[in-house]
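J.: Following this message is one structure expressed as structure tokens.
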Amino acid sequence: MSYAETPAGSGTPPGGLDEALLKSLFAQSAVGLLVLDPQLRLVRANSLVEGVGTEEYIGLPFTEAFRLDDPQGSEQLLQRVLAGEGPVREHLVRGRLRRIPGDRTFLVSAYRLDGPDGPDGPALGLLSAVVDVTERERARARETALAAVRDAVGGSLDVATTCRSFIDALVPGFADLAVIEVVDEVLRGADPPVGPLPPDTPLRCAGSGRCDSVRGEAPGRTRPVGGTRRLPPRTPYARAVTDLRPRLVPLTADTPWLDPDPESIHALAETGAHSLIVVPLTLRGAVLGLVSLYRCGATEPFDEEDVSLAGTAATRAALAIDNARRYEREHVIASTVQRRLLPQAERHQAAVETAHVLLPGRDSGCWFDTIALSGARTALVVGGVAGEGLQSAIAMGQLRTVVQALAGLDLEPEEVLARLKETADRLAHERAALPPSDSLHGEELRAGCVYGVYDPFTRACTVARAGHPAPLIVGPDGQRITVDAPEGPGLFADDSALFAPATVTLEEGSLLAFCTAELLADEDAEDRITRTLARPGRSLQQLGDDIVYALPDDTRSAGAALLLARTGTVSDHRVATWDLAQERTTPATARLLVRDRLQGWGLDEDTVDATELIVSELVTNAVRYGTPPLRLRLLLDTSLTCEVHDGSTASPHLRHARTVDEGGRGLFIVSRLAAHWGARHGPDGKVLWTEQDLPGGGAH
3 MSYAETPAGS GTPPGGLDEA LLKSLFAQSA VGLLVLDPQL RLVRANSLVE GVGTEEYIGL
63 PFTEAFRLDD PQGSEQLLQR VLAGEGPVRE HLVRGRLRRI PGDRTFLVSA YRLDGPDGPD
123 GPALGLLSAV VDVTERERAR ARETALAAVR DAVGGSLDVA TTCRSFIDAL VPGFADLAVI
183 EVVDEVLRGA DPPVGPLPPD TPLRCAGSGR CDSVRGEAPG RTRPVGGTRR LPPRTPYARA
243 VTDLRPRLVP LTADTPWLDP DPESIHALAE TGAHSLIVVP LTLRGAVLGL VSLYRCGATE
303 PFDEEDVSLA GTAATRAALA IDNARRYERE HVIASTVQRR LLPQAERHQA AVETAHVLLP
363 GRDSGCWFDT IALSGARTAL VVGGVAGEGL QSAIAMGQLR TVVQALAGLD LEPEEVLARL
423 KETADRLAHE RAALPPSDSL HGEELRAGCV YGVYDPFTRA CTVARAGHPA PLIVGPDGQR
483 ITVDAPEGPG LFADDSALFA PATVTLEEGS LLAFCTAELL ADEDAEDRIT RTLARPGRSL
543 QQLGDDIVYA LPDDTRSAGA ALLLARTGTV SDHRVATWDL AQERTTPATA RLLVRDRLQG
603 WGLDEDTVDA TELIVSELVT NAVRYGTPPL RLRLLLDTSL TCEVHDGSTA SPHLRHARTV
663 DEGGRGLFIV SRLAAHWGAR HGPDGKVLWT EQDLPGGGAH
């Protein structure tokens with residue numbers, strides 16, 4: 003070491019002054035001081051370097067005295083200081099001291115001690131300041147872990163995601179191994195039981211994680227994520243959910259409560275777990291589950307400060323899990339309501355084959371429907387109410403019911419949507435009139451719907467849409483067909499624009515895909531779906547599956563509805579059509595034609611007699627009050643349909659004739675003989691129609 007020169011006349015030899023300075027510095031320094039020789043061996047240390055400032059360490063290499071985790075890296079750093087590359091200030095190193103258990107963290111600064119030749123000559127050694135910052139770093143690690151829990155937990159309404167985020171926030175920064183278990187019924191949306199937790203309550207593992215250095219499963223847990231277990235009695239796990247207090251438990255091979263559980267003893271040996279914190283997941287006195295945190299191998303054991311942090315983190319997790327549970331319960335209720343309000347099975351249609359896909363998810367307001375209309379026509383409907391939860395499902399059910407009622411009136415698609423929007427406007431006004439304290443007050447309603455009608459006799463498909471995507475159509479040749487239906491306003495929109503229909507003529511075997519907007523969210527969605535529909539030899543159900551398989555993952559989580567239809571025609575053997583003269587004898591002629599055809603179809607005599615009377619009344623009404631052309635059509639399917647067309651737009655009305663009246667009983671008789679009857683209008687007149695139920699379900 004170099005010595006400073008002493009001024010003349012001081013009376014103190016230079017060596018004595020340096021020694022006095024060293025003694026004073028080492029005795030009064032607020033930090034630990036070390037002197038290392040050029041070989042980085044310990045020459046001198048003060049007492050503040052706890053566990054090292056003793057004679058037995060003198061002469062040991064620095065890296066051995068402190069048993070550093072990265073001795074090679076630390077030695078290279080000190081060698082650079084010796085070489086004159088500059089000092090090291092406040093460098094964090096981790097290691098262990100021989101006489102103090104556990105990992106320690108040190109803040110090291112190192113300075114070169116120049117020899118007589120100064121900086122250009124060889125160094126005499128290093129002066130190193132060492133501060134044990136273990137407690138400070140532990141506190142910082144706890145703050146970091148707690149901040150990670152606050153940031154990661156609570157952002158999802160999915161219980162599994164919440165538990166996984168909780169584990170990821172604590173491992174590996176706070177624990178080497180972590181397991182979170184939730185009461186099985188709570189995961190199903192039930193209210194958590196009030197503590198203490200009843201014995202033998204099943205707990206399901208909702209998440210687990212471990213450091214890369216840890217092998218095997220946690221002691222006391224032998225089932226994978228998703229597995230259930232009942233807490234063994236007289237263990238810290240059972241005690242924690244009984245008195246609802248966290249526990250710090252040392253783990254050794256001699257731990258008495260592990261004796262009845264050989265698998266846990268094996269796991270203890272395999273993982274090297276030596277310290278356990280068990281924390282109940284509680285909220286307002288109710289028990290949601292249990293958190294088990296382990297430290298393994300050379301990691302320092304937990305202490306009471308760690309127990310406090312684990313309790314705070316568990317409270318955060320319990321609140322997030324409870325929020326997710328409440329959402330899950332409402333989601334289950336909303337999904338159940340949605341399923342009950344939707345068609346429970348595919349409905350038979352006269353000339354259209356249909357299949358549907360309903361993807362469960364957050365969106366509980368999407369719906370689909372196929373509605374049989376008069377004249378073997380079919381209405382295809384898909385719609386959706388924006389949002390999630392029970393209220394969206396309720397609004398969906400209201401709109402779907404209105405659509406079904408309007409479809410039964412034989413209205414054109416654009417008129418159905420216009421009247422449906424009137425209903426939606428009334429629903430919106432009712433919601434706006436709710437008191438401000440109501441959670442629905444001011445909540446915006448948004449919904450869309452597409453409504454199409456396919457006529458197998460003209461092969462025309464007429465579509466109108468309200469704030470909803472148009473259907474995708476692929477012809478039997480695999481080519482896409484564009485239906486240019488203008489987009490009308492959404493059902494709850496303030497826009498009062500009219501709805502405009504679009505009609506396209508389709509070849510037999512064409513495919514139509516009515517989709518909710520979620521299925522068309524990405525740019526390639528339309529091309530992807532149309533390419534799928536163009537695959538030959540696939541059933542509708544297979545095509546629906548193919549479309550689902552190709553969806554992005556986020557679409558599946560959002561929920562969606564898809565209605566597929568393949569167009570067809572009515573068999574000539576099941577249809578009979580006659581053009582009739584506008585004459586007084588025409589009803590009698592119609593009765594003969596009908597009897598002959600129905601007997602040829604093999605229908606029973608009661609049905610033949612009733613149909614004769616129905617046709618006679620309808621044709622008489624058309625001859626008396628209608629205008630040419632006059633046409634009669636019979637359609638045999640699961641029911642028997644009679645249609646009489648004339649050129650007049652005037653609609654008949656059902657009335658009850660008085661005893662003295664000579665007429666007026668025609669439609670009353672028709673309504674008694676037919677299961678359903680009605681009138682529909684078109685550009686060339688009107689059609690009166692009836693439907694009769696047939697014994698045995700009709701044609702096969």
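If you read the sequence shown in this note's numbering, its first letter stands for residue 3, the second for the next number, and so on.
By construction, the Cβ of each residue, glycine as well, lies at the ideal position given by its N, Cα and C atoms.
Exposed or buried, which one is Lys688 when buried takes at least 16 other CB atoms within 10 Å?
T.: With 16 or more Cβ atoms within 10 Å of its Cβ, Lys688 is classed as buried.
J.: According to DSSP, Ser277 sits in a beta bridge with which residue or residues?
T.: According to DSSP, which records beta bridges pairwise, Ser277 is partnered with Pro252 and Arg297.
J.: Counting only the same chain and skipping the five closest in sequence on each side, list residues whose C-beta sits under 8 Å from that of Leu148.
T.: Here the set comprises Leu311, Thr314 and Ala315.
J.: At the level of alpha carbons, what is the spacing between Ala659 and Thr460?
T.: Any reading at Ala659 is ruled out, since the residue's pLDDT is 43, under 50, leaving its predicted position unreliable.
J.: Between the C-alpha atoms of Pro491 and Gln481, what's the straight-line distance to the nearest angstrom?
T.: Rounded to whole angstroms, Pro491 to Gln481 spans 29 Å at the Cα level.
J.: Just to confirm, is the Cβ distance from Val216 to Leu179 under 9 Å?
T.: Yes.
J.: Return the chain-ordered list of same chain residues with a C-beta closer than 6 Å to the C-beta of Arg331, the five sequence neighbours on each side being excluded.
T.: So the qualifying residues of the chain are Gly191.
J.: Just checking my contact of Ala434 with Phe494 at CB under 8 Å: how many whole Å lie between their CB atoms?
T.: No, Ala434 and Phe494 are not in contact; Cβ-Cβ is about 11 Å, not under 8 Å.
J.: Hey, could you find the ends of the beta strand (DSSP E) Tyr453 is sitting in?
T.: Its beta strand (DSSP E) spans residues Ala449 to Asp457.
J.: Got a sec? Which residues, its chain only, sit under 8 Å from Arg593 by beta carbon, not counting five neighbours each side?
T.: Same-chain partners within the cutoff: Glu614, Val617 and Ser618.
J.: Terminal residues of the continuous beta strand (DSSP E) containing Pro204?
T.: Start and end: Pro204 to Arg212.
J.: Might you give, ordered along the chain, the residues of its own chain that have their beta carbon closer than 8 Å to the beta carbon of Thr661, omitting 5 neighbours on each side?
T.: Caution is warranted here: a pLDDT of 42 is assigned to Thr661, below 50, making its placement in the model unreliable, and the coordinate value is therefore given only provisionally. Excluding sequence neighbours, Thr661 sits near nothing in its chain.
J.: By the 10 Å Cβ neighbour count, where 16 or more other Cβ atoms means buried, how is Ser653 classified, buried or exposed?
T.: So Ser653 ends up on the exposed side.
J.: Can you list the alpha helix (DSSP H) stretches of 4 or more residues lying completely in the region 481-549, in chain order?
T.: DSSP runs (the alpha helix (DSSP H)) wholly in the region 481-549: 527-535.
J.: Considering just the uninterrupted stretch of the beta strand (DSSP E) at Gln694, what are its terminal residues?
T.: Note, Gln694: beta strand (DSSP E), Gly687 to Asp695.
J.: Using a Cβ distance threshold of 8 Å, determine whether the region 195-205 contacts the region 280-291, with at least three qualifying pairs required.
T.: Yes, the region 195-205 touches the region 280-291.
J.: Check each candidate in Val280, Phe176 and Ser130 and name the one with the smallest Cα separation from Thr146.
T.: The candidate whose alpha carbon is nearest that of Thr146 is Phe176.
J.: Whole angstroms is fine: what's the gap from Phe108's alpha carbon to Arg43's?
T.: About 18 Å.
J.: Could you tell me the alpha carbon to alpha carbon distance between Arg152 and Thr203, rounded to whole angstroms?
T.: Spanning the two alpha carbons is a distance of roughly 29 Å.
J.: Tell me the residue span of the beta strand (DSSP E) that contains His431.
T.: It is not in any beta strand (DSSP E) - His431 instead sits in the alpha helix (DSSP H) that spans Pro415 to Ala434.
J.: Give me, in chain order, the residues of the same chain whose beta-carbon lies closer than 6 Å to that of Leu414; leave out the 5 immediate sequence neighbours on both sides.
T.: First, the amino acid is wrong: residue 414 is Glu here, not Leu. Nothing meets the Cβ criterion.
J.: Taking Asp122 as the reference, which of Val83, Ile549 and Ala378 has the closest Cα?
T.: When each option's Cα is compared against that of Asp122, the closest is Val83.
J.: Pick helix, strand or coil for Leu304, following the three-state DSSP scheme.
T.: Here the sequence assigns Phe to residue 304, which means Leu is not the residue at that position. Coil.
J.: Could you give the C-beta distance for Leu634 and Trp580, rounded to a whole number, given that I count them as a contact under 8 Å?
T.: At roughly 5 Å, the Cβ-Cβ gap stays under 8 Å, so Leu634 and Trp580 are in contact.
J.: Under the rule that 16 or more other beta-carbon atoms within 10 Å means buried, what is Glu626, buried or exposed?
T.: One point to set straight first is that residue 626 is Arg, not Glu, in the sequence displayed. Flag for Arg626 reads exposed.
J.: Report buried or exposed for Ser439, applying the criterion of at least 16 other Cβ atoms within 10 angstroms of its Cβ.
T.: By the neighbour-count rule (16 or more Cβ atoms within 10 Å), Ser439 is not buried but exposed.
J.: Under the three-state reduction of DSSP, which class applies to Ser653: helix, strand or coil?
T.: Ser653 falls in the coil class under three-state DSSP.
J.: With 16 as the cutoff for other CB atoms within 10 Å, does Pro589 come out buried or exposed?
T.: By the neighbour-count rule (16 or more Cβ atoms within 10 Å), Pro589 is buried.
J.: Under the three-state reduction of DSSP, which class applies to Pro201: helix, strand or coil?
T.: It is coil, neither helix nor strand.
J.: Could you say which of Arg674, Asp639 and Cys451 lies nearest to Pro697 if we only look at CA atoms?
T.: Comparing Cα-Cα distances from Pro697 to each of Arg674, Asp639 and Cys451, the minimum goes to Asp639.
J.: My output table needs one value for Asp122: the three-state DSSP class, helix, strand or coil.
T.: Residue state, collapsed to three classes: strand.
J.: Please work out which residues of its chain come closer than 7 Å, Cβ to Cβ, to Asp695, disregarding the five sequence neighbours upstream and downstream, and give them in chain order.
T.: Cβ within range, chain order: Ser641 and Ala677.
J.: Could you give the residue range of the alpha helix (DSSP H) that holds Ile723?
T.: Residue 723 is absent from the model: the chain starts at 3 and stops at 702.
J.: Tell me Thr609's beta-bridge partners as DSSP assigns them.
T.: Answer is none; Thr609 lacks a bridge partner.
J.: Look at the alpha carbon of Val476 and the alpha carbon of Val506, and state the distance between them as a whole number of angstroms.
T.: Answer to the nearest angstrom: the Cα atoms are 12 Å apart.
J.: Between the C-alpha atoms of Lys703 and Cys517, what's the straight-line distance to the nearest angstrom?
T.: Summary: the structure shown does not reach residue 703, with the chain confined to residues 3 through 702, and so no result is reported for it.
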